[in-house]
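Numbering (the working numbering), first residue to last: 13 to 129. For each residue, glycine too, the CB sits at the ideal point set by N, CA and C. One structure is given here, and the rest of the page talks about it.
Here it is as structure tokens:
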């Protein structure tokens with residue numbers, strides 16, 4: 013289990029670094045409430061970006077991107093609404109992105125899907 017947690021933590025760090033390099037500002041990481049967790053909350057201009065990060069070390073259970081199903085996206089939308097309700101800042105739009113990382117032979121490939129639906 014520790015190896016899986018390490019893989020996920022490393023993937024989230026790579027995703028945060030990538031988002032910063034793309035010009036986004038990380039607001040919060042691993043925000044939790046009793047209904048679930050948002051991996052990364054970021055700002056892209058006036059847009060709030062809710063980011064789900066999936067990291068895989070093999071494709072035996074499908075790709076990282078395939079593991080983010082419609083039910084997960086719906087849960088992320090609900091979690092984003094809960095997070096926003098506790099904030100004083102407002103955003104012009106809210107977008108849900110998925111960052112899928114796959115590790116093969118020690119190297120990571122990263123795929124960023126903006127506006128996953």
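Own chain, CB closer than 6 Å to residue i, minus 5 neighbours either side, in chain order
| i | result |
| --- | --- |
| residue 110 | 64, 80, 125, 128 |
Nearest to residue i (by Cα), restricted to the options the options
| i | options | result |
| --- | --- | --- |
| residue 32 | 53, 105, 44 | 53 |
| residue 85 | 51, 98, 39, 57 | 51 |
| residue 118 | 90, 87, 68, 24 | 68 |
| residue 106 | 30, 97, 34, 61 | 61 |
| residue 123 | 101, 22, 27 | 27 |
| residue 37 | 21, 57, 25 | 57 |
| residue 78 | 100, 99, 24, 113 | 113 |
Cut-off 7 Å between Cβ atoms - residues of its own chain near residue i, not counting five sequence neighbours on either side
| i | result |
| --- | --- |
| residue 137 | What is shown of the chain runs 13 to 129, which leaves residue 137 out entirely. |
| residue 42 | 49, 51 |
| residue 39 | 53, 54, 55 |
| residue 155 | Past the boundaries of the shown model lies residue 155; the chain is included only from 13 to 129, so the question cannot be answered. |
| residue 88 | 50, 62, 64, 108 |
Residue i in three-state terms, based on DSSP
| i | result |
| --- | --- |
| residue 121 | strand |
| residue 127 | coil |
| residue 68 | strand |
Start-to-end residues for the alpha helix (DSSP H) that takes in residue i
| i | result |
| --- | --- |
| residue 130 | Residue 130 is absent from the structure shown; the chain starts at 13 and stops at 129. |
Range of the contiguous beta strand (DSSP E) that encloses residue i
| i | result |
| --- | --- |
| residue 114 | 105-116 |
Proximal residues to residue i (C-beta, below 8 Å), its chain only, five neighbours per side dropped
| i | result |
| --- | --- |
| residue 59 | 103, 104, 105, 106, 107 |
Output the residue ranges of the beta strand (DSSP E) runs that lie fully inside the region 21-58 and measure 3 residues or longer, sorted by chain position. Taking 3 residues as the shortest admissible run, the region 21-58 contains the following complete beta strand (DSSP E) segments, listed from N- to C-terminal end: 37-45, 48-56.
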